[in-house]
Structures are given as structure tokens and as C-alpha cells.
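In the working numbering, each residue's number is its place in the sequence shown (first place is 1) plus 653. Just so it is clear, CB atoms sit at the ideal spot from N, CA and C, and this is done for glycine as well. Worksheet: one structure, shown below.
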Amino acid sequence: MGEEARHRPIGVYDSGIGGLTVVGWLRKVLPEERILYFGDTARVPYGGRARGEIIEFSRQIVGFFLSQGVKFIIAACNTSSALALPVVAQETDVPLMGVIRAGAEAAVSATKAERIGVIGTQGTVNSRAYTEAVKKLAPDAFVREQACPELVPMIEAGYRDGEVVEELLHRYLQPLIDYRIDTLILGCTHYPYLLAPIRRLMGPDVKIVDPAEAVAREARNELQALGLLNEKKAGEDLFFVSGDPDRFQAAALQLGYTQRVEHVEIEQYSI
Ligand code: DGL
């Protein structure tokens, strides 16, 4: 990539609105970068899908981003990062970064007792990607992963708090509380939307790690190392979805995002 490559946008993707928690941090840490966001809203949730499917979806999304001339791609989705990234990153020349390593690093820095809990989708938890990433950094750490399959559909449907949310969270978090974890990784980019009830249930002493901030900082370091940091933002961020753009626009607006949202026939693309 030549001198003008630094002016190209970054592609960021997730199954739905979850990756916007990463976009929020990217805007703070990399304000000069233009972001193209893709939410696979026609196929959310990813959490219970087979690995082959998640790999194929990531290939299509990366193919779409390549057609838009991006310089760097972030899988702002733990499920894709865990299941697809190791394969798909080998298939493209554009650097592709996930969220798991940064999340594991942030948790290892935060923990005192080396007792770490992870909540994520079934796919992420089955992959054991967080356990492996933490153990690389802290081989003696105790890591317990808990799948929370009902959370993403609930968050996509607009629920953030209240009795039903709290009951579900209680069921998922109690085993981790019983294991006396001192650090909890939000191992799904949708979960920071539930930070308030999660904090209430975990109590004030447990450190809650949202990998998004560490992801944004790692992206900054990688762009810098590659000579791809932009010095001045040119153009607006743009959001794309595989499902209904109006529905996504309404959800994004509630979260403070005013970007235009466009529909994409994502199956047409591949690497
Ligand atoms: N935000 C995705 C993640 O981080 C959600 C996956 C899903 O759609 O189930 O794993």
C-alpha cells in the first residue's frame, strides 16, 4: 500500500449493534480515521452458528470491505474473532484484527488474584479462545468461561435493563461469583450495553473489562507500525447492514450514532 493508503477507511464489523461499542472507542482513540461499519443484521445472532458458517460470513464481509477500498479491518465481534479470524486473516492482504488478544491483555493487567471470568456467546466459549489467550500471558491464571446465549437476541431487541435482564444475568453470572473471580471479561461486543445490571450483580470489587478500549489502542499501534495512521479525517463514517437499514438506523440513533445506513447484499461478496 502506498502513501495514499493511509487515507483509506477502516472496516469494522459485527453481527449487529455490538460492534458499535468498539466504534465508540475507535472514535476517541483514532479520531482521524474514517470508519465503515457493517452489521450482519439479517443473520444475527452468530453465537450458536457453526464455525464453517461464521468463516463464510467473514469472507463475505471482508470481500465487501475490500470492494470499498479499506486499509485495515477489525472484527468487532468475539465470535468471528474466535472462530473465523485465524482462517480468514490468512486469505487477505489487508490486515485483519480481532478483539480477543486485547481483551485478554486488559484482563491480565486488571486481575490481582489471577481469577478471571469470561462471558460470551456459545461459539466464543466453546472455542476456548479467551482461556488460551489469557494462559499465554498468565499460565497459572484460573479462567472460567460462561456462555450466555440469550443475551444477544435480547440486546438486539432493545432490552438493556429490568427484571427479565437481571434474572437472566443472575443465572449466567452466579457460577462466576461462586468461583470468586476478581475480573470479568465482557467477551461479546454486545454486553457493554448491559454494564449497569452486570455491575450491580457482580458488586463493586470485581473489575469488569470491556475489551473495546484495548482494541482501539491496539488498532492504533498496528496502524502506526504499518505506516497507515491517517492525519486528517476525510469524509463521514458510513454504516452498512445486511438486514433492514431503517431498523438499524433507529437502534444506532438511540446509541447516539447519526450516520446514514445502507443495505448491502452481502452474499454477493467474497474474498
Ligand atoms: N457481538 C458478537 C460477539 O462479540 C455477538 C455474536 C452474536 O451475534 O451472537 O460475539
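State the start and end residues of the unbroken beta strand (DSSP E) segment that holds Leu891.
-> Here residue 891 refers to the residue found at position 238 of the sequence shown. Looking at the DSSP string, the run of the beta strand (DSSP E) that includes Leu891 is 891-894.
In three-state DSSP terms, what is Gly705?
-> Along the sequence shown, one-based indexing puts residue 705 at 52. Helix at Gly705.
Measuring from the CB of Gly773, is there a heavy atom of the ligand DGL at a distance below 7 Å?
-> Position 120 of the sequence shown holds residue 773. Yes - the ligand DGL has a heavy atom lying nearer than 7 Å to the Cβ of Gly773.
Please confirm whether Gln799 and Val778 have their CB atoms less than 8 Å apart.
-> The residue you call residue 799 lines up with position 146 of the sequence shown. The residue you call residue 778 lines up with position 125 of the sequence shown. Yes, the Cβ-Cβ distance between Gln799 and Val778 is below 8 Å.
Using 7 Å as the cut-off, classify the Cβ of Val805 as near or not near the heavy atoms of the ligand DGL, replying yes or no.
-> On the sequence shown, position 152 is the one that residue 805 refers to. Yes.
Could you pull out every residue in the same chain whose Cβ sits closer than 8 Å to the Cβ of Leu847, ignoring the five residues on either side in sequence?
-> Taking the sequence shown and counting its residues from 1, one reaches residue 847 at position 194. Answer for Leu847: Leu804, Ile808, Arg813, Asp814, Val818, Leu822, listed in chain order.
If you compare alpha carbons, which of Gly705, Thr764, Leu673, Gln921 is closest to Lys860?
-> On the sequence shown, residue 860 is found 207 positions in, with the first residue counted as 1. The shortest C-alpha separation from Lys860 is found at Thr764.
Through-space distance from Tyr825 to Arg659, alpha-carbon basis | As a first step, residue 659 must be located in the sequence shown, where it is residue number 6. As a first step, residue 825 must be located in the sequence shown, where it is residue number 172. Arg659 and Tyr825: Cα-Cα distance of roughly 43 Å.
Assigned exposure category for Leu837 - 16 Cβ within 10 Å defines buried | Here residue 837 corresponds to residue number 184 of the sequence shown, with the count starting at 1. Leu837 comes out buried.
Which runs of the beta strand (DSSP E) fall wholly inside the region 783-842 and span at least 3 residues, in chain order?
-> 795-800, 836-839
Neighbour-count burial assignment, Glu871, 16 or more Cβ in a 10 Å radius = As a working note, residue 871 is residue 218 in the sequence shown. Classification of Glu871: buried, given that the 10 Å Cβ count is 16 or more.
Using the C-alpha atoms, what's the distance from Gly888 back to Gly655?
-> For the purposes of this step, residue 655 is taken as residue 2 along the sequence shown, with counting starting at 1. For the purposes of this step, residue 888 is taken as residue 235 along the sequence shown, with counting starting at 1. Note that Gly655 has pLDDT 49, beneath the 50 cutoff, so the model's placement of it is unreliable and no number is given.
What residue ranges within the region 663-723 form continuous beta strand (DSSP E) runs of no fewer than 3 residues, ordered along the chain?
-> 663-667, 688-692
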